[in-house]
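Heads up: the sequence shown is residues 1 to 166, going by full-length UniProt numbering.
Glycine included, every Cβ here is placed at the ideal spot set by N, Cα and C.
Encoded as structure tokens, the structure appears first; notes follow it.
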Amino acid sequence: MTPDDMPLLRKWMYLPHWREWWGDDPEEELGFINDMLEGHDPSHPFLFVLNDTPIGYIQYWVIGDHQTEELCKEYPWLTWLSPETVGVDLSIGPADLMSKGLGTRILKDFTTYLRSIGHDDIIIDPDPANIRAVRAYEKAGFAVIPEFKGRTADCLLMRLKKGNTT
1 MTPDDMPLLR KWMYLPHWRE WWGDDPEEEL GFINDMLEGH DPSHPFLFVL NDTPIGYIQY
61 WVIGDHQTEE LCKEYPWLTW LSPETVGVDL SIGPADLMSK GLGTRILKDF TTYLRSIGHD
121 DIIIDPDPAN IRAVRAYEKA GFAVIPEFKG RTADCLLMRL KKGNTT
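The structure is reproduced here in structure tokens:
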């Protein structure tokens, strides 16, 4: 992803299916992503494409880079995970591409890539009310981390099953 992709991402972030799960302030989220592009945040943003057309956004972040005192107060579960664990977030761009298996397919491909570069412990943290996302992540090989269930406020921590090469 490059700064040239920000107008497309901005367009998507204002869509209802994005705002429902990415928060009430798209400009704040875009600011976080811009920080990534400028090197102020060590997370890694990407657009994913289908037939050479961008159709969604995906990012990964290393837990250890976010285990700051401030973030751990807001999200205590960060302290329960290894610093080497990586988290993934994704969204399909246009709403008409949802419920077609693309999220599952992209997540499988992306986690294969993450493992190929040495990331073996991979999590994702959907809102538990986002049933569509939870089901897609399960199909991609993720399972709820039982010991954390009900202890993470507004997210459901899921881990890619060991040995799952998707």
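Nearest neighbour of residue i, chosen from the options [CA to CA]
{"i": "V88", "options": "L37, R105 and T111", "result": "T111"}
{"i": "E147", "options": "L156, Y14, A140 and K139", "result": "L156"}
{"i": "T152", "options": "D125, D120 and G103", "result": "D125"}
{"i": "R105", "options": "Q59, L50 and H66", "result": "L50"}
{"i": "P13", "options": "E74, T53, L90 and H44", "result": "The question names Pro, but residue 13 in the sequence shown is Met. If we check each option's Cα against that of M13, L90 comes out closest."}
{"i": "G31", "options": "W80, A133, R10 and W21", "result": "R10"}
{"i": "P37", "options": "P26, D25 and M6", "result": "According to the sequence displayed, residue 37 carries Leu and not Pro. Cα-wise, what sits closest to L37 is M6."}
{"i": "M1", "options": "P26, G39, W22 and D25", "result": "G39"}
{"i": "D154", "options": "E74, K100, K139 and Y60", "result": "E74"}
{"i": "residue 167", "options": "H66, C72, E27 and W22", "result": "Nothing in the structure corresponds to residue 167, since the chain is present only between 1 and 166."}
{"i": "P3", "options": "K139, H66, N34 and H17", "result": "N34"}
Simplified DSSP state of residue i, which is helix, strand or coil
{"i": "P128", "result": "coil"}
{"i": "D89", "result": "strand"}
{"i": "T152", "result": "coil"}
{"i": "Y75", "result": "coil"}
{"i": "I117", "result": "coil"}
{"i": "T2", "result": "coil"}
{"i": "T68", "result": "coil"}
{"i": "M98", "result": "coil"}
{"i": "T166", "result": "The predicted model places T166 with a pLDDT of 47, which falls under 50 and marks its position as unreliable, so this point remains unresolved."}
{"i": "D25", "result": "coil"}
{"i": "L37", "result": "helix"}
{"i": "L9", "result": "helix"}
{"i": "Y14", "result": "coil"}
{"i": "L81", "result": "coil"}
Beta-ladder partner(s) of residue i, from DSSP
{"i": "A143", "result": "R159"}
{"i": "F46", "result": "I58"}
{"i": "I122", "result": "V86"}
{"i": "T53", "result": "L50"}
Nearest-angstrom beta carbon gap, residue j and residue i [assumed within contact, 8 angstroms]
{"i": "P83", "j": "G64", "result": "3 angstroms"}
{"i": "I92", "j": "G103", "result": "6 angstroms"}
{"i": "A95", "j": "L8", "result": "Contact flag wrong, Cβ pair sits at about 15 angstroms."}
{"i": "V62", "j": "P42", "result": "7 angstroms"}
C-beta contact flag for residue i and residue j at 8 angstroms
{"i": "L114", "j": "V86", "result": "yes"}
{"i": "E131", "j": "R159", "result": "The sequence given here has Ile at residue 131, not Glu. No, the Cβ-Cβ distance between I131 and R159 is not below 8 angstroms."}
{"i": "K162", "j": "A143", "result": "no"}
{"i": "L107", "j": "Y60", "result": "no"}
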